[in-house]
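The working numbering numbers the first residue of the sequence shown as 69 and each following residue consecutively.
To start, the structure itself, in structure tokens.
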Amino acid sequence: MKNSSDVKKRVLTGDRPTGGLHLGHYVGSLKTRVIMQDLHDCFVMIADVQALTDNFATPDKVQKNVFEVALDNLSVGLDPKKITYFIQSEIPEIAELTVFYSNLVTVSELQRNPTVKNEIQEKGNIFKDGVVNLGFLSYPVSQAADITFCKAELVPVGKDQQPMIEQTRRIIQKFHSLYGEIFPFPEGVFTNVPKLNGLDGRKMSKSLGNAIYLADSPEEIRKKIMTAKTDLQNSIVFDENSRPEISNLMMYYQAASGLSIKEIENKYNTISSYKIFKEELVESINTFLEPIRERRKYYLDNPDLVWGVLESGGIRAKEEAVKTLLEVRKSMKIYYKR
Ligand code: TRP
């Protein structure tokens, strides 16, 4: 018997190529992708066009990180035989859709988007006094194009990306009411793990230099963990409010080992040495990263394989895009028979 949950769904997700992916990305979305690749038809997009919306002045950085981010995804075991990898800029239909959709979104709707608002604040060095370029303000529109060009039904992302899914659904609704129903309504798939903080307690982020990267060497992991801040209480007890430092390290432990926080507390309830705990945390992270490092090395030794994956994925993505755009053009009456 087949029921709806047996049916393979189209999944799309993406990463901005602005730096290597870290442990926070792993627990927040890569882990979900690893599970989904066996259940669904997954597209993974390297979002170079979106990355340029706030990195327009540093295109070299974006270019370099396209390979890096593809490598990170491949290294965590996202199998190119199961996943369609592609580079956003190689599908110009996405840009075309963005133009069409921009009629269906108001400027104030974008200005109210909580994630965009936050990011504009956070990127104060680029968007001085909140003065933002059109491309960044409207990236939710281009993200709607990312999601719909291949008619994605599921979009695994971090919780901060929920407003983008909602925006996409509003665009589809408007499109349907004006031009006819052609898209499925995508759903966000959010992990329920809380966000990992960086080594300094702020949000783990490439730009803050406080991250544990999937590409870190065993020595780098050791150095980062052994010098991480703790408190003076010498007990391994989770309390995010009053003991943020040790709690954060326990979350790394959880991410790497798969043990629950309770199990970690039990394991260390007679240990009063942070040194021992940290040594074992280093061990645990390195064990977790070992297979990832092995795959990374394999692909680094064979970079043509990585480019090949992006190329063949791009061909498939293009086919989907062309099909969708034909439907969109017909629906929007910009299709001319000669
Ligand atoms: N905005 C996403 C992020 O910053 C990346 C992204 C771009 C994306 N296009 C997407 C995610 C489409 C999901 C679907 O993480």
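The beta-carbon is built from N, C-alpha and C at its ideal position, and this holds for glycine as well.
Does the ligand TRP have a heavy atom nearer than 6 Å to the CB of residue 214?
By one-based count along the sequence shown, residue 214 stands at place 146. For the ligand TRP, at least one heavy atom lies less than 6 Å from the Cβ of residue 214.
Use the C-beta contact count for residue 82: other C-beta atoms within 10 angstroms, 16 or more gives buried, fewer gives exposed.
Here residue 82 refers to the residue found at position 14 of the sequence shown. Buried, because 16 or more other Cβ atoms sit within 10 Å of the Cβ of residue 82.
Below 8 Å CB to CB, which residues in the same chain sit around residue 305 once its five sequence neighbours on both sides are set aside?
Position 237 of the sequence shown, counted from the first residue, corresponds to residue 305. Same-chain partners within the cutoff: 311, 314, 333.
Less than 7 Å between the beta carbons of residue 264 and residue 318, yes or no?
What you label residue 264 is simply residue 196 of the sequence shown in a count that begins at 1. What you label residue 318 is simply residue 250 of the sequence shown in a count that begins at 1. Taking 7 Å as the Cβ cut-off, residue 264 and residue 318 do not qualify as a contacting pair.
Indicate the three-state DSSP secondary structure (helix, strand or coil) for residue 128 in the structure shown.
Locating residue 128 in the sequence shown gives position 60, where the first residue counts as 1. In this structure, residue 128 counts as helix in the three-state DSSP scheme.
Just to confirm the assignment, what range does the alpha helix (DSSP H) spanning residue 106 have?
Residue 106 sits at position 38 when you count from the first residue of the sequence shown. First-last for residue 106: undefined, no H or E at that position.
Suppose contacts are defined by Cβ-Cβ distances below 7 Å. Is residue 130 in contact with residue 115 by that definition?
Here residue 130 corresponds to residue number 62 of the sequence shown, with the count starting at 1. Here residue 115 corresponds to residue number 47 of the sequence shown, with the count starting at 1. Going by C-beta atoms, residue 130 is not nearer than 7 Å to residue 115.
Cα-Cα separation, residue 397 to residue 211:
On the sequence shown, position 329 is the one that residue 397 refers to. On the sequence shown, position 143 is the one that residue 211 refers to. Whole-angstrom Cα-Cα distance: 19 Å.
Can residue 84 be considered in contact with the ligand TRP, in the sense that its beta carbon sits closer than 6 Å to one or more heavy atoms?
To locate residue 84, count along the sequence shown from 1; it is residue 16. Because some heavy atom of the ligand TRP lies under 6 Å away, the Cβ of residue 84 counts as near it: yes.
Using the three-state DSSP reduction, which class does residue 256 fall into: helix, strand or coil?
Locating residue 256 in the sequence shown gives position 188, where the first residue counts as 1. Residue state, collapsed to three classes: strand.
Residue 134 to residue 394 span [Cα, whole Å]:
By one-based count along the sequence shown, residue 134 stands at place 66. By one-based count along the sequence shown, residue 394 stands at place 326. If you take the alpha carbons of residue 134 and residue 394, they lie about 29 Å apart.
Rounding to the nearest angstrom, what Cα-Cα distance links residue 346 and residue 324 in this structure?
As a working mapping, residue 346 is identified with position 278 in the sequence shown. As a working mapping, residue 324 is identified with position 256 in the sequence shown. Rounded to whole angstroms, residue 346 to residue 324 spans 13 Å at the Cα level.
Distance CB(residue 230)-CB(residue 256) smaller than 7 Å:
The residue you call residue 230 lines up with position 162 of the sequence shown. The residue you call residue 256 lines up with position 188 of the sequence shown. Taking 7 Å as the Cβ cut-off, residue 230 and residue 256 qualify as a contacting pair.
For residue 173, collect the residues of the same chain with a Cβ closer than 6 Å to its Cβ; drop the 5 residues on either side in sequence, then sort them by chain order.
Counted from its first residue, the sequence shown places residue 173 at position 105. Result list for residue 173: 209, in chain order.
Could you tell me the boundaries of the alpha helix (DSSP H) in which residue 233 lies?
As a first step, residue 233 must be located in the sequence shown, where it is residue number 165. Here the alpha helix (DSSP H) through residue 233 covers 230-247.
Spell out the partners DSSP gives residue 110 in its beta bridges.
As a first step, residue 110 must be located in the sequence shown, where it is residue number 42. Beta-bridge pairing links residue 110 to 79, 151.
Roughly how many whole angstroms lie between the Cα atoms of residue 84 and residue 112?
As a first step, residue 84 must be located in the sequence shown, where it is residue number 16. As a first step, residue 112 must be located in the sequence shown, where it is residue number 44. If you take the alpha carbons of residue 84 and residue 112, they lie about 11 Å apart.
Report yes or no: do three or more beta-carbon pairs, one from the region 217-227 and one from the region 96-109, lie closer than 8 Å?
yes
For a minimum of 4 consecutive residues, which ranges assigned as the alpha helix (DSSP H) are wholly contained in the region 264-352?
286-294, 312-325, 329-335
How long is the line joining the alpha carbons of residue 79 and residue 300, rounded to whole angstroms?
Locating residue 79 in the sequence shown gives position 11, where the first residue counts as 1. Locating residue 300 in the sequence shown gives position 232, where the first residue counts as 1. Spanning the two alpha carbons is a distance of roughly 46 Å.
Out of 384, 284, 205, 281, which one is the CA nearest neighbour of residue 151?
Position 83 of the sequence shown holds residue 151. The shortest C-alpha separation from residue 151 is found at 384.
Put residue 85 into one of helix, strand or coil per three-state DSSP.
The residue you call residue 85 lines up with position 17 of the sequence shown. Coil.
For residue 374, is the classification buried or exposed, using 16 other Cβ atoms within 10 angstroms of its Cβ as the cut-off for buried?
What you label residue 374 is simply residue 306 of the sequence shown in a count that begins at 1. With 16 or more other Cβ atoms within 10 Å, it is buried.
Any heavy atom of the ligand TRP inside 6 Å of the beta-carbon of residue 183?
The residue given as residue 183 occupies position 115 in the sequence shown. Checking every heavy atom of the ligand TRP against the Cβ of residue 183, none is found closer than 6 Å.
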